[in-house]
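Undergrad: Residue numbers (the UniProt record's numbering): 1 to 636. We put the beta carbon where it would ideally sit given N, CA and C, even for glycine.
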Amino acid sequence: MKTPQFDILAPLRAKLFRFQEYQFHVSRMSALPSFRNSCLPINRLPTELLQLIFDWTIDPSQGSVANIFLLHVCHHWREIAVAYKALWTHIVIHAQDQGTGGGTVTANLLPLSGSADLTVVIREVLDFVPPSALGFKIAGTGSSSGLTSRVLAELHRIKDLSLVVAARALRSGLAASLQISAPRLQTLVLSQCDGQFWGEDLHGPIPSIFSDLPVLRELSLTGFPGQFSLALAGRAHKTLEKLTLDPHWRSEPVSRTELLDTLRRLEKLTALDLGTHIVSSLPVLNHLIVDTPSLCTLRLKGEASDFDWLLRHMCLPVAISLDLHLLGGVFTSDATYVSLGERIAEIYNPANGQHVTAPLHHAACLRKGGTSQRGYDGGVYLVLTDSPDVVDECFDSNGDGTQAQGGVRSWRTQHCIHRPPSPHTHRTLKIWISDRLTMPSQAESAQLIWRSLPLHDVHTLLLDKTPMGVGTPGVGIPELYRDFLPSFVNFVAPMSSLRYLTLCDWSMCWVQQLLLASPPPAVIGTASSMLFPSLQSLTLSRTPSGKTSSSTKVGAHFPLHEWPSSWGHLSEKWAAAEDARTLRHVLERRADACQPQGARALQEIVFHGYSGFRFDFCQMADVVERCYIDGKLRTR
C-alpha cells in the first residue's frame, strides 16, 4: 500500500481561489454604482433632454473647462457630454492661465467642439508668440499666448469674440492671426487694457484686421484710434446693427466728415454708443443730414457742443432712446445748452408726431455715485420716458448698465406689484449731469437743456436719495435752491401735472421741505404756491441700508432748523412718531393750499419698509383717503 503524497501547492491554490473569489466580489461591488446610476430616473431621460440640462450648467465666466465634472458622473453622462459638441464651444482664456495647466486643459477640450460655432473670451494676453514659432505644439506648456494662437486658428468658426489685450501683445504679431476672413463672426469686442496701440506713437499707421466680416452684427472697440475703428465698422456696413466706439484720449480724433460718412453707410444700425475724443473740435459746415431710420438707442458721452452738433446732423426716429452723459469738462456757452435743449425737444415732439407717439409721462431723478466703468463720476441722473418700466430699470442700475443692490423692483415684487418687461424700445431721454455741473455756478447753464422739454406733461416721478445742495443763505436766493441741487429743482419744479410721486430713502424732514416749498421764480407757467399742485398719490420707500428718520442730524446741508442734540438719543419709536407728526403737518398744509375747501390733500399714501412706523389713519382721514403700509390697506 502506497503512502499518499502531500500536495505542497494545495495551500497556494486555496489562497488563489479565495483571492479570485474576492476579486469577483470586488468587481461586482464596483459595478453597483453604475447599476444604481442606470436605474435612476434621470438616466432614463432622453438624450436631447439631458443635453438641454447640460446647457443650463454652463458658466459663461469659466467656459467649457467648468463642464469637465460631467465626464465623471457616470459612463452614460460621459458619452452624452462628449458627443454634445455645443457643450465645449465656450472658450475662456485668463491671464493667470500662463504658467499653469489651465491652458493645456482648454486646448485638449477644443477638439470636442468639432466644427460647431465657438464663443471665445480672451482676457489680457500679456505676451504673444507667433504661431510659426510654436508650431501649435502647446501640450504641457500652459502658455497663455500659445493657447491664444491655437484658438485664433479657429477664427473661421468663431461666432462671438471678446479680446482684451495689452499693447505689447499687439506689437508682437497678434494682428497676423486676425488678418483673415471671419465668415461666422457675429459679435466682436476688442479692448486694450493699457490704452496704447501698436507702439508708443498712436498716430502711426495701423495694420488692418479682419479682411471680411460678412455677418458681423455687433462691434465694440475700446481704446483704439478713431480711424481704425471707423474703418473696421465700414467693413461690416451691410450687417452691422450695434456699434460702440470709445477711443483712448491720446488717440488722434477723426474728422466729422468721416464719422458722418461711416454712419451713413450703416443702414441697419439699431444701437450706437460713442465715447469722448472721437471727432475733432474743429467745426465744419455744410454737412448732409444722416438718416438713421432703424436706430433705436443712441448713447453719447462728452460735451454739450458735440451733442448739439451730432444731433443736428442726424435724422432720428421718434421712438428713440437717447442717453447723454454730460461731462462739463470745458467751457460751454448758454446758447449751446439752449440749442441742445431745443434739438432734443424737436426729436421727442415732432410737428407731425402728436398722434403717433406716446407722451413722456414718467420721470425720475436719481442721485448716484461714481463707478469704475467707462469713467462714470458721481452726479444726477435725469430720466424722461413713456414707460414706467424704464424708470424701474434706471433705479435698479448704477447708471452705467451695471446692476445695483436692491432696487424698486425688489419691493414691488415683494408686495405683489408685477410688471413684465417689455420687448419694445421706449421713447426715453436720459441725461447724466456730472457733479461739476451741479454746482450753482454751472447749474444755471446746464438747466437750460430741459427748458424746452414738456415737463408739465409728467404724471409720475421717482426720486432716489436726497439731492442735497451746498448753498448758503443769502439775499435773493430761494430756500429751495439752498437745500437742493439747482439741477434737481429746475427739473422737477415745472411738473405741474404730476399725480404720482415716489420718494426712496428720503427722511421726513426732506419730504417736508420738498412738498411745502414754493416754486422758484425762474419756473415759467407755475401759478401754484407749492410744488406738484395736482399730486394724488405719495409713495415713501425705505430700504434696510437707507433707513432714515427725522432724528438724523442734517447739519450744514439743512440750515433751516436747529435740531436739539437730545434727538440723537431718541428711540426708534419716538422717531417714528415724530415722522408721523411731520407727515401730518405736511398733508394739512397741502390740503389748505392746493385743494378746494373740504377736499383731501392726497387720494392715497403708500409706505414700503416702514414696519415700525406709527401712522394713525383715524387722525389722517381728513387729509388722505387711503393708506397702504407694506402692501396692506390701513382702514379707519
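#1: Return helix, strand or coil for R590, following the three-state DSSP convention.
#2: Measuring only the C-alpha atoms, how far is L45 from R427?
#3: Thinking K159 and T119 are a contact (beta carbons under 8 angstroms), I'd like their distance in whole angstroms, please.
#4: Taking the straight line between their C-alpha atoms, what separation do you get for A364 and I58?
#5: Just the Cα atoms here: how many angstroms apart are T297 and I289?
#6: For A620, which residues does DSSP report across the bridge?
#7: Out of curiosity, what's the CA-to-CA distance linking S434 and A335?
#8: Where are the alpha helix (DSSP H) runs, 4 residues long or more, that stay fully inside the segment 255-327, in chain order?
#9: Buried or exposed: A83, going by 16 or more other Cβ atoms within 10 Å of its Cβ?
#10: Leaving out five residues on either side along the sequence, give the residues of the same chain with a beta carbon under 7 angstroms from the beta carbon of L295.
#11: Which of helix, strand or coil does DSSP assign to I91?
#12: What does the alpha-carbon distance come out to for the pair Q536 and L602?
#13: So what's R78 in DSSP terms, helix, strand or just coil?
#14: So, for E200: in the same chain, excluding its five sequence neighbours on each side, which residues have a beta-carbon less than 8 angstroms away from its beta-carbon?
#15: Helix, strand or coil for E154, going by three-state DSSP, please let me know.
#16: Assign M620 to one of two classes, buried (16 or more other C-beta atoms within 10 Å of its C-beta) or exposed (fewer than that).
#17: What are the start and end residues of the beta strand (DSSP E) that includes I433?
#18: Should F532 go down as buried or exposed, given a rule of 16 or more other Cβ atoms within 10 Å for buried?
#19: Starting from Y381 and walking both ways along the beta strand (DSSP E), at which residues does that stretch end?
#20: Going by DSSP, what residue range makes up the alpha helix (DSSP H) through Q227?
#21: Can you say whether A556 is buried or exposed, counting buried as having 16 or more other CB atoms within 10 angstroms of its CB?
#22: What residues match up with S452 in a beta bridge as DSSP calls it?
#23: Report the three-state DSSP secondary structure of T502 (helix, strand or coil).
#24: Considering Cα atoms alone, identify which of E303, D592 and T222 is closest to L245.
#25: Quick one: what does DSSP say Q23 is sitting in, helix, strand or coil?
#26: According to the neighbour-count rule (16 or more other Cβ atoms, all chains shown, within 10 Å of its Cβ), is F228 buried or exposed?
#27: State yes or no: is the C-beta of E258 within less than 9 angstroms of the C-beta of H237?
#28: Opposite Q513 in the DSSP bridges: which residues?
#29: Against chain D, does K301 count as a neighbour if the rule is that its beta carbon must be under 9 angstroms from one of theirs?
#30: For E342, collect the residues of the same chain with a Cβ closer than 6 angstroms to its Cβ; drop the 5 residues on either side in sequence, then sort them by chain order.
#31: R542: which of C74, L463 and S496 sits nearest, CA to CA?
#32: Using CA atoms only, rank isn't needed, just tell me which of M508, P454, W506 and L448 is closest to P350.
#33: Would you check if the distance between the CB atom of G226 and the CB atom of V254 is smaller than 9 angstroms?
#34: Which word fits Y381, buried or exposed, when buried means at least 16 other C-beta atoms lie within 10 angstroms of its C-beta?
#35: What residue from E303, H76 and K85 has the CA that sits closest to L326's CA?
#36: Use the C-beta contact count for P247: other C-beta atoms within 10 angstroms, 16 or more gives buried, fewer gives exposed.
TA: This is what the structure gives:
#1: For this step, residue 590 is matched to residue 590 along the sequence shown. Three-state result, R590: helix.
#2: As a first step, residue 45 is located in the sequence shown; it is residue number 45 there, counting from the start. As a first step, residue 427 is located in the sequence shown; it is residue number 427 there, counting from the start. One C-alpha to the other measures close to 47 angstroms.
#3: Residue numbering aside, residue 159 sits at position 159 when the sequence shown is read from its first letter. Residue numbering aside, residue 119 sits at position 119 when the sequence shown is read from its first letter. Contact flag correct, Cβ pair sits at about 6 angstroms.
#4: Here residue 364 is taken as the residue at index 364 of the sequence shown, counted from 1. Here residue 58 is taken as the residue at index 58 of the sequence shown, counted from 1. Each residue's alpha carbon lies about 37 angstroms from the other.
#5: One-based indexing of the sequence shown puts residue 297 at position 297. One-based indexing of the sequence shown puts residue 289 at position 289. If you take the alpha carbons of T297 and I289, they lie about 18 angstroms apart.
#6: The residue given as residue 620 occupies position 620 in the sequence shown. Correcting the residue type first, residue 620 is Met in the shown sequence and not Ala. Paired residue(s): none; M620 is not in a bridge.
#7: Counting from one through the sequence shown, the residue named residue 434 turns up at place 434. Counting from one through the sequence shown, the residue named residue 335 turns up at place 335. The alpha-carbon atoms of S434 and A335 are separated by roughly 19 angstroms.
#8: Correct list: 256-265 and 304-312.
#9: Taking the sequence shown and counting its residues from 1, one reaches residue 83 at position 83. The residue in question, A83, is exposed, as its Cβ has fewer than 16 Cβ neighbours within 10 Å.
#10: Sequence index remark: in the sequence shown, residue 295 carries index 295 (1-based). Closer than 7 angstroms at the Cβ level, and outside the excluded window around L295, lie L269, T270, L272, L316, P317 and I320.
#11: Counted from its first residue, the sequence shown places residue 91 at position 91. I91: strand per DSSP, three-state reduction.
#12: Position 536 of the sequence shown, counted from the first residue, corresponds to residue 536. Position 602 of the sequence shown, counted from the first residue, corresponds to residue 602. Rounded to the nearest angstrom, the two C-alpha atoms are 5 angstroms apart.
#13: Start at 1 with the first residue of the sequence shown, and residue 78 comes out as number 78. The answer is helix: DSSP assigns R78 an H, G or I state.
#14: Position 200 of the sequence shown holds residue 200. In this prediction, E200 scores a pLDDT of 46, lower than 50, which makes its location untrustworthy; the coordinate-derived value is nonetheless stated afterwards. Contacts found: none.
#15: By 1-based counting over the sequence shown, the position of residue 154 is 154. Here E154 sits in coil by DSSP.
#16: For this step, residue 620 is matched to residue 620 along the sequence shown. By the 10 Å Cβ count, M620 comes out buried.
#17: Within the sequence shown, numbered from 1, the residue matching residue 433 stands at position 433. Per DSSP, I433 belongs to the beta strand (DSSP E) from T428 to S434.
#18: As a position in the sequence shown, residue 532 is number 532, starting the count at 1. By the neighbour-count rule (16 or more Cβ atoms within 10 Å), F532 is buried.
#19: To locate residue 381, count along the sequence shown from 1; it is residue 381. G379 to T385 is the extent of the beta strand (DSSP E) around Y381.
#20: Residue numbering aside, residue 227 sits at position 227 when the sequence shown is read from its first letter. Run containing Q227: G226 to R235, per the alpha helix (DSSP H) assignment.
#21: Translated into positions along the sequence shown, residue 556 becomes position 556. With a pLDDT of only 35 at A556, under the threshold of 50, the placement of this residue in the model should not be trusted; the figure read from the coordinates follows. With fewer than 16 Cβ atoms within 10 Å of its Cβ, A556 is classed as exposed.
#22: Position 452 of the sequence shown holds residue 452. Answer is none; S452 lacks a bridge partner.
#23: In the sequence shown, the residue the question calls residue 502 occupies position 502. It is a strand residue.
#24: Numbered from its first residue, the sequence shown carries residue 245 at position 245. The residue with the shortest Cα to Cα distance from L245 is T222.
#25: Taking the sequence shown and counting its residues from 1, one reaches residue 23 at position 23. Q23 carries a helical assignment under DSSP once its states are collapsed to helix, strand and coil.
#26: Looking up residue 228 in the sequence shown gives position 228. By the neighbour-count rule (16 or more Cβ atoms within 10 Å), F228 is buried.
#27: Within the sequence shown, the letter at position 258 stands for residue 258. Within the sequence shown, the letter at position 237 stands for residue 237. No.
#28: Taking the sequence shown and counting its residues from 1, the one referred to as residue 513 is at position 513. Answer is none; Q513 lacks a bridge partner.
#29: Chain labels in this structure do not include chain D; a single protein chain is all it has.
#30: Numbered from 1 along the sequence shown, position 342 holds the residue referred to as residue 342. Annotation for E342: S452 place their beta carbon closer than 6 angstroms to its own, counting only its chain and skipping 5 residues before and after.
#31: Taking the sequence shown and counting its residues from 1, the one referred to as residue 542 is at position 542. Closest by alpha carbon: L463.
#32: Indexing the sequence shown from 1 puts residue 350 at position 350. Of the candidates M508, P454, W506 and L448, the one whose C-alpha sits nearest the C-alpha of P350 is P454.
#33: As a working mapping, residue 226 is identified with position 226 in the sequence shown. As a working mapping, residue 254 is identified with position 254 in the sequence shown. Against a cut-off of 9 angstroms, the Cβ pair of V254 and G226 comes out as a contact.
#34: Against the sequence shown, residue 381 aligns to sequence position 381. The residue is buried, with at least 16 neighbouring Cβ atoms inside 10 Å.
#35: On the sequence shown, residue 326 is found 326 positions in, with the first residue counted as 1. Comparing Cα positions, the closest option is E303.
#36: As a working note, residue 247 is residue 247 in the sequence shown. Buried, by the Cβ-count rule.
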